[in-house]
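J.: Positions in the sequence shown are counted from 1; adding 33 to them yields the working numbering.
Every residue gets a Cβ at the ideal spot worked out from N, C-alpha and C, and that includes glycine.
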Amino acid sequence: MVRLNKYIAQSGVASRRKADELIAAGSVKVDGKTVTALGFDVEEGQAVSVGGREIRPAAKKVYIALNKPKGYITTTSDEKGRPTVMELVADAGERLFPVGRLDGPTTGLLIFTNDGDFAYALTHPKHEKPKTYRARVQGALSNEKLARLRKGVDIGGYVTAPAGIEAVKQGAGAAVVDIKISEGKNRQIRKMFTAVGCRVLDLERTAIGGVYLGPLKQGHWRKLTRAEIETLRGE
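#1: Quick one: is Gly-243 buried, meaning 16 or more other Cβ sit within 10 Å of its Cβ, or exposed?
#2: Kindly list the residues whose CB is nearer than 8 angstroms to the CB of Gln-251, restricted to its own chain and excluding five residues on each side of it in sequence; keep chain order.
#3: Hey, out of Thr-107, Ser-175, Thr-67, Leu-37, whose CA is closest to Arg-89's CA?
#4: Could you tell me the alpha carbon to alpha carbon distance between His-157 and Cys-231, rounded to whole angstroms?
#5: So the candidates are Ile-212, Gly-267, Gln-43; which of them puts its Cα closest to the Cα of Arg-238?
#6: Between Thr-264, Arg-259, Ala-260, Arg-255, which has its C-alpha nearest Leu-142's C-alpha?
#7: Taking a contact to mean a Cβ-Cβ separation below 9 angstroms, would you say Ala-200 touches Arg-169 in this structure?
#8: Would you mind sorting Leu-71 into buried or exposed? The rule is 16 or more other CB atoms within 10 Å of its CB.
#9: Roughly how many angstroms lie between the CA atoms of Leu-246 and Ala-260, to the nearest whole one?
#10: Which whole-angstrom value is the C-beta distance of Thr-146 and Leu-121, which I expect to be below 8 angstroms?
#11: Which ranges does the beta strand (DSSP E) cover as unbroken runs of at least 3 residues, wholly within the segment 204-232, from first to last along the chain?
#12: Would you kindly work out how many angstroms separate the C-alpha atoms of Glu-77 and Glu-87, rounded to a whole number?
#13: For Tyr-166, which of Val-229, Val-81, Lys-66, Ile-222 has the nearest alpha-carbon?
#14: Based on the DSSP output, what are the partners of Gly-137 in its beta bridges?
#15: What does a CB cutoff of less than 6 angstroms around Pro-116 pick up in its chain, not counting 5 residues either side in sequence?
#16: Quick check on the burial criterion: 16 or more other C-beta atoms within 10 angstroms. Buried or exposed for Tyr-191?
#17: Could you give the C-beta distance for Pro-138 and Val-118, rounded to a whole number, given that I count them as a contact under 8 angstroms?
#18: Write down the C-beta distance between Ser-48 and Tyr-153 rounded to the nearest angstrom, noting that I regard them as a contact closer than 8 angstroms.
#19: If you follow the beta strand (DSSP E) that Gln-43 is part of, which residue opens it and which one closes it?
#20: Report all residues from its chain with a CB closer than 6 angstroms to the CB of Phe-226; omit the five preceding and five following residues, and keep chain order.
#21: Would you call Lys-51 buried or exposed, if buried means 16 or more other Cβ atoms sit within 10 Å of its Cβ?
#22: Between the Cα of Gly-206 and those of Gly-172, Arg-134, Leu-179, spot the shortest distance and give me the residue it belongs to.
#23: Select from Leu-249, Ile-41, Arg-183 the residue whose C-alpha is nearest the C-alpha of Val-229.
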């Protein structure tokens with residue numbers, strides 16, 4: 034037997050956390066019957082479907098890195114008809130899902146897999162890997178503002194954890210900075226710069242843990258190396 038959310042994750046549909054949401058929403062059936070109990074166990078030979086589509090655990094685990102362009106939504110489908118990141122990895126040969134997310138205007142490193150346990154380990158708050166971004170911001174970025182960002186700022190009822198930040202280029206009314214955070218609140222970096230009176234013009238994620246974007250072109254993907262996979266797992 035295997036827990037239903039794990040079965041869904043192993044099938045490359047979603048992470049275990051997202052699988053729990055699908056189960057609670059009544060989107061999952063086992064042998065034709067809707068199951069909403071999060072602790073349900075699937076026995077060998079039972080048929081599982083999500084949204085009317087039968088699923089099976091993937092035989093081969095796949096781990097890839099994508100350089101996400103602007104304008105693509107980090108979701109498996111979009112009711113508004115906007116382009117999604119799934120279109121960019123359609124030729125990967127397996128049914129994958131994104132680990133974490135980047136908002137539409139943000140570019141850079143996004144990881145995909147069909148390994149739900151890997152995705153769970155990578156996104157769980159206890160194991161969340163630091164993420165590095167390069168931001169081009171409008172507005173003067175003084176040493177005092179940099180110090181505030183490093184210490185943590187209030188982004189609307191939440192004070193961010195200490196961040197690593199380094200100025201790459203400073204101008205009279207704009208700057209380019211590298212910033213590393215260990216948490217991932219919605220639009221966190223944009224809100225952090227807003228809190229110190231600056232506006233993000235461009236934002237690119239350049240690294241997750243020990244995995245770097247490097248020379249990968251926008252819209253292209255590559256397989257993660259074994260060393261990168263182990264680094265993200267914390268092995």
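T.: The relevant details are as follows:
#1: exposed
#2: Cβ neighbours of Gln-251 beyond the five flanking positions: Asn-100, Lys-101, Pro-102, Thr-140.
#3: A check of alpha carbon separations from Arg-89 across Thr-107, Ser-175, Thr-67, Leu-37 identifies Leu-37 as the nearest.
#4: His-157 and Cys-231 have their alpha carbons spaced roughly 30 angstroms apart.
#5: Ile-212
#6: Arg-255
#7: no
#8: exposed
#9: 15 angstroms
#10: That pair is no contact at about 15 angstroms.
#11: 207-214
#12: Taking the straight line joining both Cα atoms gives about 15 angstroms.
#13: Comparing Cα positions, the closest option is Ile-222.
#14: Paired residues: none, contrary to the question.
#15: Tyr-105
#16: exposed
#17: About 14 angstroms separates the Cβ atoms of Pro-138 and Val-118, ruling out a contact at the 8 angstroms cut-off.
#18: 6 angstroms
#19: Note, Gln-43: premise wrong, no beta strand (DSSP E); alpha helix (DSSP H) at 37-43.
#20: Counting only Cβ-Cβ distances below 6 angstroms, and skipping sequence neighbours, we find Val-170, Val-233.
#21: buried
#22: Gly-172
#23: Arg-183
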